[in-house]
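Start counting the sequence shown at 1; every next residue gets the next number (full-length UniProt numbering).
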Amino acid sequence: MVSKGQLGLQKFVELTATAPAKIYNLHPRKGSIAIGADADIAIWDPNRETTIVDEMMHDLAGYTPFAGRRLKGWPVTVLSRGRLIVDGDKCLASPGSGKFLARSGGEAAKPTGRLVADMDPERNFGAKLL
């Protein structure tokens with residue numbers, strides 16, 4: 001969509017990095033380029049055309065549901081916490097080099113003070129689930 005001019009680059013970054021980081025309470029450590037942030041950066045070649053194939057995956061699944069899909073725009077350099085992990089077509093990340101990020105619950109996890117219908121005996125055919 002960016003390569004077709006339907007979506008600006010800033011909006012693309014907002015939708016794919018900043019907004020998800022905020023939803024999962026990982027912002028500003030994730031989803032931003034700033035002092036103190038993790039320096040997770042992907043540099044894209046907007047003109048590179050790629051057809052997804054299973055052999056491109058670097059996981060233990062051995063397949064992708066996106067195999068055969070042709071894309072325009074592809075990451076050519078990826079940094080994770082400031083370390084180079086993708087260089088062109090080469091995955092340089094070591095197995096287990098990822099890092100678990102503990103986080104607090106987002107807005108959806110905060111109590112509302114109401115019972116959901118499934119737990120309310122007046123609305124769930126009298127079942128006392130609590």
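Just so you know, even glycine gets a beta-carbon here, dropped at the ideal spot from N, CA and C. What you are looking at is a predicted structure, and each value in this text was computed from that prediction instead of being measured.
Annotation: the continuous alpha helix (DSSP H) that includes Ala21 extends over 19 to 23.
The beta-carbon distance between Pro75 and Ala42, rounded to whole angstroms, is 5 Å. This is short enough to meet the 8 Å contact definition. Exclusion of the five residues before and after Leu130 leaves Met119 as the residues of its chain whose Cβ lies within less than 7 Å of its Cβ.
Taking a 10 Å sphere around the C-beta of Ala102, we find fewer than 16 other C-beta atoms and assign the residue as exposed. Here Pro46 has Val2, Ser3, Gly73 as same chain residues with Cβ atoms under 7 Å from its own Cβ, once five neighbours each way along the sequence are excluded.
In the assembly as shown, Ala67 is an exposed residue. Its beta-carbon has fewer than 16 other beta-carbons within 10 Å. DSSP links Lys72 through a beta bridge to Glu49.
Note on geometry: alpha-carbon atoms of Tyr63 and Asp54 lie some 5 Å from one another.
Exclusion of the five residues before and after Asp40 leaves Lys30, Leu79, Ser80, Arg81 as the residues of its chain whose Cβ lies within less than 7 Å of its Cβ.
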